[in-house]
Amino acid sequence: MSEVRVSVVVPAYNAERTLGACLEALTRQVRPADEVVVVDNGSTDGTAAVAHAFCGRLSGLRVVVEPRAGEAAARNRGLEEARGEVIAFTDADCIPREDWLDQAVRALGAWPECAAVAGEVAGYRPRRLVEKYLSVAAFPTPQQPCVVSGLGFPPPTFYTANFVVRRAALARVGRFDESLTVGLDVDLCVRLLRAGFRIGYQPGAVVAHMQRDSLRKMMRRLFQYGTGVPAWFCKYAEAGVWLTLPGRRAVRISWMPWRGWVNLSTPDRFVFTLGLATVAEPWLGVVLLAYLGRLGWKLMGVARRREVALAPWELPVVLLLHVVGFAVFTAGSISGSLRHRVLCVV
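Residue numbers (this note's numbering): 18 to 363.
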């Protein structure tokens, strides 16, 4: 697909500290973009100045201002401005590897049945423990290349931080939903799959995300993400109550008169349930320790794959952050449920 015109869209809000590294990485692409559209979403810092400084260095760079606040509005403005047949989305706090665009566009050419190709979102030089945890646990994706078709439950999620999509497919399913404040990734994936398209995943197409959250900011963000689940659930889920069982198997209780989703497979639920059971039956503490050991082993495996160095003493803290993070996400989903009048405990 080397002859296909590719536009990179980068929404940016108060991204003065990170945008320069993102654009610098785009200047080094093996397969350069035909154009790069930076959408300044009403920034009050020096974001626009940073972007304009690259006008002489980054071929095809255009900087536009979108006064309507929100990620969806910024991405839609970028889509309007872009001229390519293929639109590559990334974020202002992401650093694409040199072969990012080449890998993604090659995959899109190799999978003509796919409307889009997503890639890996890794961490970028994490220093503090919270940053290391996010570099391991955030943006979960498959380990091998794959093509997703059909809409199961829960729906697959790929991320607009690293998402390359054909313009024709977006024209068919519509723009980003500006009524959503979070969950745009899930919403777009659901609409593409419902329309009969397929989505490919190429782990070789990598962007590194600069995880610079404090503990408080991380928890606040997880809560916010949780509130977004009921919004897309209301849009797409069938009637009845969905249960996600251990092993990620989902079943629907269709005879129930209301809609809902209860996830019984998350780490916080396992730890809470086994912890309570251990109070009554102390021998179950062995089961709890075995579960935590297995969870820690999985997290260490992801850390090795994503090249995140974890010291042995850091693993228990990462485990704690993982369990608490899921609990905070669940609290957000319950809060969002009250607003949307559905039952979501995920």
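Virtual Cβ for every residue (Gly too), placed ideally from N, Cα, C.
Report task. Apply the 10 Å Cβ neighbour rule to residue 315 and answer buried if 16 or more other Cβ atoms are within range, or exposed otherwise. Result -> By one-based count along the sequence shown, residue 315 stands at place 298. The residue in question, residue 315, is exposed, as its Cβ has fewer than 16 Cβ neighbours within 10 Å.
Requested in this report: Check each candidate in 347, 333, 79 and name the one with the smallest Cα separation from residue 241.
Outcome: Working through the sequence shown from its first residue, we reach residue 241 at position 224. The residue with the shortest Cα to Cα distance from residue 241 is 347.
Query raised in the report: For residue 85, which residues from the same chain have a beta carbon less than 7 angstroms from its beta carbon, with the 5 sequence-adjacent residues on both sides left out?
Result: Locating residue 85 in the sequence shown gives position 68, counting from the first residue. Cβ-Cβ distances below 7 angstroms link residue 85 to nothing in the same chain once the five nearest sequence neighbours on each side are left out.
Query raised in the report: From residue 96 to residue 212, what distance separates their C-alpha atoms?
Result: On the sequence shown, residue 96 is found 79 positions in, with the first residue counted as 1. On the sequence shown, residue 212 is found 195 positions in, with the first residue counted as 1. If you draw a straight line from the Cα of residue 96 to the Cα of residue 212, it comes to about 20 angstroms.
**Report entry** Reference residue 250, options 360, 88, 55, 75, closest by Cα
**Finding:** As a first step, residue 250 must be located in the sequence shown, where it is residue number 233. Measuring from the Cα of residue 250, the nearest candidate turns out to be 360.
Query raised in the report: Should residue 216 go down as buried or exposed, given a rule of 16 or more other Cβ atoms within 10 Å for buried?
Result: The sequence position of residue 216 within the sequence shown is 199, counting from 1. The residue is buried, with at least 16 neighbouring Cβ atoms inside 10 Å.
Requested in this report: On the DSSP bridge assignment, give the partners of residue 250 in chain order.
Outcome: What you label residue 250 is simply residue 233 of the sequence shown in a count that begins at 1. Within the DSSP bridge table, the entry for residue 250 names no partner.
Query raised in the report: In whole angstroms, what separates the C-alpha of residue 357 from that of residue 74?
Result: Numbered from its first residue, the sequence shown carries residue 357 at position 340. Numbered from its first residue, the sequence shown carries residue 74 at position 57. Approximately 47 angstroms between the Cα atoms of the pair.
Requested in this report: Leaving aside the five residues before and after residue 32 along the sequence, list all residues of the same chain whose C-beta is less than 6 angstroms from its C-beta, in chain order.
Outcome: Locating residue 32 in the sequence shown gives position 15, where the first residue counts as 1. Taken in chain order, the residues that qualify are 64, 109.
**Report entry** According to DSSP, residues forming a beta bridge with residue 79
**Finding:** Here residue 79 corresponds to residue number 62 of the sequence shown, with the count starting at 1. Answer is 54.
Query raised in the report: So, do the stretch 298-316 and the stretch 187-199 have three or more beta carbon pairs nearer to each other than 8 angstroms?
Result: They do not touch, by the three-pair rule.
**Report entry** Residue(s) in a DSSP beta bridge with residue 70
**Finding:** Within the sequence shown, numbered from 1, the residue matching residue 70 stands at position 53. DSSP output for residue 70 lists no bridge partner at all.
Report task. Taking only the alpha-carbon atoms, compute the straight-line gap between residue 174 and residue 181 and give it to the nearest angstrom. Result -> Here residue 174 refers to the residue found at position 157 of the sequence shown. Here residue 181 refers to the residue found at position 164 of the sequence shown. Residue 174 and residue 181 have their alpha carbons spaced roughly 14 angstroms apart.
Query raised in the report: Just how far apart, CA to CA, sit residue 148 and residue 235?
Result: Position 131 of the sequence shown, counted from the first residue, corresponds to residue 148. Position 218 of the sequence shown, counted from the first residue, corresponds to residue 235. When rounded, the distance between both Cα atoms is 9 angstroms.
Query - Outcome for residue 209 when other beta-carbon atoms lying within 10 angstroms are tallied against a minimum of 16 - result: What you label residue 209 is simply residue 192 of the sequence shown in a count that begins at 1. Buried is the call here.
**Report entry** Beta-carbon contacts of residue 98 that lie in its chain and below 7 angstroms, excluding the five residues immediately before and after
**Finding:** Numbered from its first residue, the sequence shown carries residue 98 at position 81. The beta carbon of residue 98 sits closer than 7 angstroms to those of 54, 79, 81, all from its chain and outside the five residues before and after it, given in chain order.
Query raised in the report: Of all the beta strand (DSSP E) runs that stay within the bounds of the stretch 86-148, which reach a length of 3 or more residues?
Result: Entirely contained in the stretch 86-148, the beta strand (DSSP E) runs reaching 3 residues are, in chain order, 103-107, 111-113, 131-140.
Requested in this report: Could you tell me which of 120, 246, 124, 291 sits nearest to residue 354, measuring between CA atoms?
Outcome: For this step, residue 354 is matched to residue 337 along the sequence shown. If we check each option's Cα against that of residue 354, 246 comes out closest.
Query raised in the report: Hey, residue 137 and residue 93: beta-carbon distance below 9 angstroms or not?
Result: Counted from its first residue, the sequence shown places residue 137 at position 120. Counted from its first residue, the sequence shown places residue 93 at position 76. Not a contact, by the Cβ cut-off of 9 angstroms.
Query raised in the report: Terminal residues of the continuous alpha helix (DSSP H) containing residue 335?
Result: Start at 1 with the first residue of the sequence shown, and residue 335 comes out as number 318. 331-357 is the extent of the alpha helix (DSSP H) around residue 335.
Report task. Measure the Cβ-Cβ separation of residue 253 and residue 207 and say whether it is below 9 angstroms. Result -> Residue 253 sits at position 236 when you count from the first residue of the sequence shown. Residue 207 sits at position 190 when you count from the first residue of the sequence shown. Yes, these two residues count as a Cβ contact at 9 angstroms.
Report task. Return the CA-CA distance between residue 3 and residue 256, expressed in angstroms with no decimal places. Result -> The chain is shown only over 18 to 363; residue 3 falls outside these bounds and no answer can be derived.
Query raised in the report: Touching or not, the stretch 217-226 and the stretch 125-141, by the rule of three or more beta carbon pairs under 8 angstroms?
Result: Touching, yes.
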